[in-house]
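See structure below.
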Amino acid sequence: MTSSFASEFQALKAAAPRIASLPLSHRRNRLKALRAELIRRRSELHAAMRADLNRPEIESDLNELLPVKDSIDHVIANLSRWTRTDRLPLPLTLIPGRAEIHHEPKGVALIVSPWNFPVNLCLVPLVYAVGAGNTVCLKPSEVAPASAAFIASVVEAVFPPDEVCVVQGDVSVAVALLEQPWNHIFFTGSPGVGSKVMAAASKYLASVTLELGGKSPVFVHEGYGADAAGRRVAWAKGLNAGQVCIAPDYALVPAAQCADFIQGFKAGVAQHYGDSPATNPDWVRIIQPRHWDRL
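Here is the structure:
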């Protein structure tokens, strides 16, 4: 298996100088094609989200499709400005010298994405990596298999395999991928795994982007209104069944207002999901039993 990843890495590495030398129109066209493919296959995205998370279609549009589309539009609109050469002033001692900053692709990037927003957190980093002129390997989460298959199918329809490839598999696959000398690694996940990613990157002095989880407390000020706070927290915690890195973990409420907060929270759940959330088709499910047990 590892040799296979080495060959895929070498293909991306070999193509990187050519991709970097192409005009910006090449990057824009690839991103436009990705946007068109996602929009064309929107119903397939919906089906993948239902299969993995039972997520309603409107949430999939807002939290998966729209962020990728907006990122593409943002990169296309700003790419010329981001890539232009910047002139810098020089001190008198260096005149008549000239100082410039040239913005160049890093080379070959690895993106390891999570399962909670499997399309968003895989393809948004891809959009920026492609916009920057890199070749990319994507490792979607095996915990969301329908979404991973959808991502692979979309990417294969838009990009040649030496520009962007998708590698699927379990943790052992991710570990094997980290053995390759990537120029940049983008990882979204837990701090524990993030430290291992950083350690692997350090062997090759690769730059790293880490988007890591943590705790998100809610502080309820005594003058805000505990009932209203509870209703809002119910919405925030209900989004994707709380499987969001910034979802509220716990609330710190003035003791005298705890009952009002709890009442507001219950009312908020009923408002959004009815009296029996478990039977509501818009109630997202915990991704797998292991995470249910953890919670």
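Heads up: take any position in the sequence shown, counting from 1, add 20, and you land on the numbering used here. For each residue, glycine too, the CB sits at the ideal point set by N, CA and C.
Original post:
Excluding five sequence neighbours on each side, which residues of the same chain lie with their C-beta closer than 7 Å to the C-beta of G71?
Top reply: According to the sequence shown, residue 71 is Ala rather than Gly. Within the same chain, A166 come within 7 Å of A71 by CB-CB distance, once the 5 residues on both sides are set aside.
**OP:** Kindly give me the distance between the Cβ atoms of A177 and E57, rounded to whole angstroms, as I take these residues to be in contact under 8 Å.
**Re:** Under the criterion of beta carbons closer than 8 Å, A177 and E57 qualify as touching, at roughly 5 Å.
Original post:
CA-CA distance, V309 and A35?
Top reply: One point to set straight first is that residue 309 is Pro, not Val, in the sequence displayed. The C-alpha of A35 is placed about 41 Å away from the C-alpha of P309.
Original post:
For the alpha helix (DSSP H) that F281 lies in, which residues bound it at each end?
Top reply: F281 -> alpha helix (DSSP H) spans C278 to Y293.
**OP:** Determine the burial state of H123: buried for a count of at least 16 other Cβ atoms within 10 Å of its Cβ, exposed for fewer.
**Re:** By the neighbour-count criterion, in which 16 or more other beta carbons inside 10 Å mark a residue as buried, H123 falls on the exposed side.
**OP:** Find the nearest neighbour of F179 within the set L44, A53 and S41, judged by alpha-carbon distance.
**Re:** The shortest C-alpha to C-alpha distance from F179 to any of L44, A53 and S41 is the one to A53.
Subject >> Coarse secondary structure for E79, derived from DSSP in three states >> reply: In the structure shown, the three-state DSSP call for E79 is helix.
Original post:
Is I306 helix, strand or coil by DSSP?
Top reply: I306 carries a coil assignment under DSSP once its states are collapsed to helix, strand and coil.
**OP:** Could you spell out where the beta strand (DSSP E) holding Q236 opens and where it closes?
**Re:** What sits at residue 236 in the sequence shown is Ser, not Gln. Premise fails: S236 is in no beta strand (DSSP E) and is neither H nor E.
Original post:
Any chance the stretch 117-135 sits against the stretch 244-258, with 3 or more Cβ pairs inside 8 Å?
Top reply: By the Cβ criterion, the stretch 117-135 is not in contact with the stretch 244-258, since fewer than three pairs of Cβ atoms, one from each stretch, lie closer than 8 Å.
Original post:
So, V184 versus V191, is the Cβ gap smaller than 8 Å?
Top reply: No, they are not a contact pair.
**OP:** Could you spell out where the beta strand (DSSP E) holding T208 opens and where it closes?
**Re:** Here the beta strand (DSSP E) through T208 covers H204 to G209.
Original post:
So A194 and K159 are in contact, right, with Cβ under 8 Å, and what is the actual spacing, rounded?
Top reply: Your pair A194 and K159 checks out as a contact, with CB atoms roughly 6 Å apart and the cut at 8 Å.
**OP:** Could you check the C-alpha separation between W303 and P76 for me, to the nearest Å?
**Re:** A direct Cα-to-Cα measurement between W303 and P76 gives close to 8 Å.
**OP:** Just tell me which of V217, G233 and A68 has its CA closest to the CA of S227.
**Re:** Minimum Cα distance to S227 is reached at V217.
Original post:
Using the C-alpha atoms, what's the distance from D269 back to V240?
Top reply: Rounded to whole angstroms, V240 to D269 spans 13 Å at the Cα level.
Original post:
Cβ of L82 within 8 Å of Cβ of R48?
Top reply: Pairing L82 with R48 gives a Cβ-Cβ distance that is not under 8 Å.
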